[in-house]
Amino acid sequence: MPPSMSRDKSQAIARRRRIRNRAMLVALLALSALFYAITLAKMARP
Amino acid sequence: MNEPSALLPTATVAAPDPGLAAEASLRDWFTLLKPRVLTLVVFTGVVGLMVAPGHMHPVLAFAATLAITVAAGAAGAINMWYDRDIDAAMRRTRHRPIPAGRIPPDAALGYGVVLALGSVVVMELAANTLSAALLAASIAFYVFVYTMWLKRRTPQNIVIGGAAGAFPPLIGWAAATGSISALPLILFGIVFLWTPPHFWALALWANADYERVGVPMLPVVAGARATRRQIVVYTVLLVAASLLPWAAGYAGAVYGLSAAALGAGFLVSAWRVLTDRQDAVGRSLTKDAPARATFKYSILYLFVLFAALAVDKLAG
Numbered sequence: 002m003p004p005s006m007s008r009d010k011s012q013a014i015a016r017r018r019r020i021r022n023r024a025m026l027v028a029l030l031a032l033s034a035l036f037y038a039i040t041l042a043k044m045a046r047p
Numbered sequence: 009m010n011e012p013s014a015l016l017p018t019a020t021v022a023a024p025d026p027g028l029a030a031e032a033s034l035r036d037w038f039t040l041l042k043p044r045v046l047t048l049v050v051f052t053g054v055v056g057l058m059v060a061p062g063h064m065h066p067v068l069a070f071a072a073t074l075a076i077t078v079a080a081g082a083a084g085a086i087n088m089w090y091d092r093d094i095d096a097a098m099r100r101t102r103h104r105p106i107p108a109g110r111i112p113p114d115a116a117l118g119y120g121v122v123l124a125l126g127s128v129v130v131m132e133l134a135a136n137t138l139s140a141a142l143l144a145a146s147i148a149f150y151v152f153v154y155t156m157w158l159k160r161r162t163p164q165n166i167v168i169g170g171a172a173g174a175f176p177p178l179i180g181w182a183a184a185t186g187s188i189s190a191l192p193l194i195l196f197g198i199v200f201l202w203t204p205p206h207f208w209a210l211a212l213w214a215n216a217d218y219e220r221v222g223v224p225m226l227p228v229v230a231g232a233r234a235t236r237r238q239i240v241v242y243t244v245l246l247v248a249a250s251l252l253p254w255a256a257g258y259a260g261a262v263y264g265l266s267a268a269a270l271g272a273g274f275l276v277s278a279w280r281v282l283t284d285r286q287d288a289v290g291r292s293l294t295k296d297a298p299a300r301a302t303f304k305y306s307i308l309y310l311f312v313l314f315a316a317l318a319v320d321k322l323a324g
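In structure tokens form, the structure reads like this:
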């Protein structure tokens, strides 16, 4: 981050980055769960 | 410093704030997916899946629906990336995340491409190759044929490009059955014919914006009067097509009556657009009130029409 950035701005950036990282983690976990569920559903088909 | 647009020299795309670049809010990333467009697109896909014969496992149906949703969003994100120059110059779109500088263009493109690829993979895994191929084709059609080729070159951009939005019921059906037949093709045709009056109603009251950026929407190229006539023509064709599922025996009275009533409403709406109080060159003297009303009605129309089809199938 540019050294001239205010503390408020850098905190806002850090906060948004944390939120985005958590959202990506949730999305990846959800995708994994989806693949697992798809596998189970297809295995259950006659 | 703002980035000059190679596509539209008079427009500039705001450079991302160096402090906030790529740190846009989640809402901004969601906005890139054009969520207001998504709902109707996904709904038509779900109905296509519901009215298809046979049974699809709920998890697989959910995954297929999710794939359609994400694919539509991905296409929207790539569209926003490509159109960032004209979006910056249009009052209606200048606050979008890319022209407003909240999301870097390259990040938006990467986001869209990853979502597009992921949606096709999920569809292949959950359903079958046909539906995955149709999904990929719909994304490619929207991005390459409509966004990159037709939109800035011809007033028929909406007519041909509208096919992209007509794919979802076909994809839903293909996901459930692994094949295509007459009814999903009719549903494709209904959405295809719905698209011109829907978008031209919008274009009538957003004409100044499109004119400013040089997008050859029909009102810009042919004038408001010709556009009003075309809205009526396509509405007549749409209403006729909407009755086909009932006439051909694919749907019952619930759908038939609904289609007839909704169609009558659309025809009245289109007539009001045609007979709107106008000046000598066809410009509205009512701030395009009938066009705005028709735009809103068109969204309700498609939603209720497809809902009626689903209800008819469940009742039947």
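Line order of the protein sequences matches chains P and W. Per the working numbering: the first sequence = residues 2 to 47. Per the working numbering: the second sequence = residues 9 to 324. Glycine included, C-beta positions come from ideal geometry on N, C-alpha and C.
At a cut-off of 9 Å between C-beta atoms, W:Ala134 counts as an interface residue with respect to chain P. As computed with DSSP, W:Ser292 is found in a beta bridge with W:Gln286. Around the beta-carbon of W:Ala174, 16 or more other beta-carbon atoms lie within 10 Å, marking it buried. Within the segment 9-26 of chain P, those residues whose Cβ lies closer than 8 Å to any Cβ of chain W are, in chain order, Lys10, Ser11, Ala13, Ile14, Arg17, Arg18, Ile20, Arg21, Ala24. Nearest CB-CB separation between P:Leu29 and chain W: not below the 9 Å threshold. By the neighbour-count definition (other C-beta atoms within 10 Å, threshold 16), W:Lys295 is an exposed residue. With respect to chain P, the C-beta atom of W:Ala272 has no partner C-beta closer than 9 Å. Contact check between the segment 29-43 of chain W and the segment 128-139 of chain W: fewer than three CB pairs, one atom from each, fall below 8 Å, which does not count as touching.
Going by DSSP, W:His206 is part of the alpha helix (DSSP H) stretching over 190-213. Using a 10 angstroms sphere on the CB of W:Tyr150, the tally of other CB atoms reaches 16 or more, which defines it as buried. DSSP places W:Ser146 inside the alpha helix (DSSP H), whose first and last residues are 137-148.
By the Cβ-count criterion, W:Thr101 is buried, with 16 or more other Cβ atoms from all chains shown falling within 10 Å of its own Cβ. No alpha helix (DSSP H) of 4 residues or more sits fully in the segment 93-125 of chain W. Residue environment for W:Phe152: exposed (fewer than 16 other C-beta atoms within 10 angstroms of its C-beta). Taking every protein chain shown into account, the CB of W:Leu313 has 16 or more other CB atoms within 10 angstroms, so this residue is buried.
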